[in-house]
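In UniProt numbering, the protein residues as written are 1 to 246.
Beta carbons are placed, not taken as given, at the ideal position from N, Cα and C, and that holds for glycine.
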Amino acid sequence: MYDDDLTPLDDATSLEAVVDVAIGQFAEQGFQETRLESIARQSGMSKRMIHYHFGDKKGLYLRCLTEAARRIQPPAEELISDTLVPVEGVTQVVDAVYLTMIRHPESLRLLQHEGLNRVLNLTGVATLIPGTQVSLQLDKLLMQGQDMGAFRPGIGAEDIFFLISSLAFTRVINRDLMINLIDVDTCSEDNTDGLHRLAVDSVLALLTAHIPDSGHDSYLTADRLDEGSRSGLGIYDLGGHSDPLE
Numbered sequence: 001m002y003d004d005d006l007t008p009l010d011d012a013t014s015l016e017a018v019v020d021v022a023i024g025q026f027a028e029q030g031f032q033e034t035r036l037e038s039i040a041r042q043s044g045m046s047k048r049m050i051h052y053h054f055g056d057k058k059g060l061y062l063r064c065l066t067e068a069a070r071r072i073q074p075p076a077e078e079l080i081s082d083t084l085v086p087v088e089g090v091t092q093v094v095d096a097v098y099l100t101m102i103r104h105p106e107s108l109r110l111l112q113h114e115g116l117n118r119v120l121n122l123t124g125v126a127t128l129i130p131g132t133q134v135s136l137q138l139d140k141l142l143m144q145g146q147d148m149g150a151f152r153p154g155i156g157a158e159d160i161f162f163l164i165s166s167l168a169f170t171r172v173i174n175r176d177l178m179i180n181l182i183d184v185d186t187c188s189e190d191n192t193d194g195l196h197r198l199a200v201d202s203v204l205a206l207l208t209a210h211i212p213d214s215g216h217d218s219y220l221t222a223d224r225l226d227e228g229s230r231s232g233l234g235i236y237d238l239g240g241h242s243d244p245l246e
């Protein structure tokens, strides 16, 4: 393939560069203020070729959202352990989820931006956890811990993921607010480590607290979509609507 100036391009590398630059700009400036010209200039791919590969600005934005969601999901190998101690297994999962998320602050900002502004007016959003290795591993560990009497009932994988992700997202999204309110920089090295410990301790405290059984399976009730839509890479359903170029 060739760009406008007839310079050969490596498809995979070029597209990855465009998405990487676009995630950063959409996350920092928002959808409306981000310009394809700027993404083209920084990524090295012409605006015409960006249109060719992604269709339009919202097509690129959608690709960035799905890539951002993929980036904050830890690799399966980081979740699996040989330990027979449920507490150790859960700790490993919390570590993997939290540390993966903090490695991609731009992905957290972008997903938060879409959640607040609903640029795409999405009609369906598949959950990030069910069907993934995180969910499967947590479900197994929770069952083991509850069978052994180490964990109390009434806690689901979704509860744990929500707790971890809330801390990870808040660390990035509310950094300026926390500095102004309580003079705490949540993104400093010490506080990043501290929030890591808070995530682990919060999950373990929740699992082992002496609280009466509520009779529920989880604090959250998941609205299950059809199996075909429960994928982290296909989390957004455009509902077939298309928008003009910027």
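Between the CA atoms of residue j and residue i - distance to the nearest angstrom
{"i": "residue 139", "j": "residue 158", "result": "9 angstroms"}
{"i": "residue 61", "j": "residue 137", "result": "31 angstroms"}
{"i": "residue 165", "j": "residue 105", "result": "12 angstroms"}
{"i": "residue 178", "j": "residue 172", "result": "10 angstroms"}
{"i": "residue 15", "j": "residue 147", "result": "48 angstroms"}
{"i": "residue 181", "j": "residue 85", "result": "40 angstroms"}
{"i": "residue 33", "j": "residue 58", "result": "13 angstroms"}
{"i": "residue 167", "j": "residue 56", "result": "34 angstroms"}
{"i": "residue 30", "j": "residue 37", "result": "15 angstroms"}
{"i": "residue 149", "j": "residue 95", "result": "23 angstroms"}
{"i": "residue 45", "j": "residue 51", "result": "10 angstroms"}
{"i": "residue 174", "j": "residue 216", "result": "32 angstroms"}
{"i": "residue 163", "j": "residue 221", "result": "15 angstroms"}
{"i": "residue 27", "j": "residue 113", "result": "7 angstroms"}
{"i": "residue 207", "j": "residue 24", "result": "36 angstroms"}
{"i": "residue 82", "j": "residue 39", "result": "44 angstroms"}
{"i": "residue 155", "j": "residue 211", "result": "12 angstroms"}
Pick from the options that is closest to residue i, judged by C-alpha positions
{"i": "residue 19", "options": "118, 147, 43 and 88", "result": "43"}
{"i": "residue 218", "options": "25, 70 and 142", "result": "142"}
{"i": "residue 189", "options": "41, 115 and 99", "result": "99"}
{"i": "residue 77", "options": "134, 66, 204 and 211", "result": "134"}
{"i": "residue 67", "options": "82, 107 and 48", "result": "107"}
{"i": "residue 80", "options": "196, 211, 132 and 116", "result": "132"}
{"i": "residue 65", "options": "176, 21 and 161", "result": "21"}
{"i": "residue 205", "options": "49, 160 and 176", "result": "160"}
{"i": "residue 195", "options": "49, 97 and 117", "result": "97"}
Per-residue DSSP class, three states only, for residue i
{"i": "residue 213", "result": "coil"}
{"i": "residue 220", "result": "coil"}
{"i": "residue 53", "result": "helix"}
{"i": "residue 105", "result": "helix"}
{"i": "residue 153", "result": "coil"}
{"i": "residue 187", "result": "coil"}
{"i": "residue 24", "result": "helix"}
{"i": "residue 164", "result": "helix"}
{"i": "residue 200", "result": "helix"}
{"i": "residue 34", "result": "coil"}
{"i": "residue 87", "result": "helix"}
{"i": "residue 174", "result": "coil"}
{"i": "residue 119", "result": "coil"}
{"i": "residue 192", "result": "helix"}
{"i": "residue 59", "result": "helix"}
{"i": "residue 43", "result": "helix"}
Chain-order list of residues whose beta-carbon lies under 7 angstroms from that of residue i (same chain, five-residue window excluded)
{"i": "residue 63", "result": "19 and 54"}
{"i": "residue 153", "result": "146 and 213"}
Own chain partners of residue i with C-beta closer than 6 angstroms, once the 5 adjacent residues on each side are dropped
{"i": "residue 209", "result": "none"}
{"i": "residue 101", "result": "72 and 168"}
{"i": "residue 248", "result": "Since the first residue of the chain shown is 1 and the last is 246, residue 248 is not available in this structure."}
{"i": "residue 111", "result": "68"}
Own chain, CB closer than 8 angstroms to residue i, minus 5 neighbours either side, in chain order
{"i": "residue 192", "result": "102, 171 and 186"}
{"i": "residue 184", "result": "178 and 191"}
query: Looking at C-beta atoms only, is the number of pairs between the stretch 87 to 103 and the stretch 197 to 208 that lie closer than 8 angstroms three or more?
result: The stretch 87 to 103 is in contact with the stretch 197 to 208.
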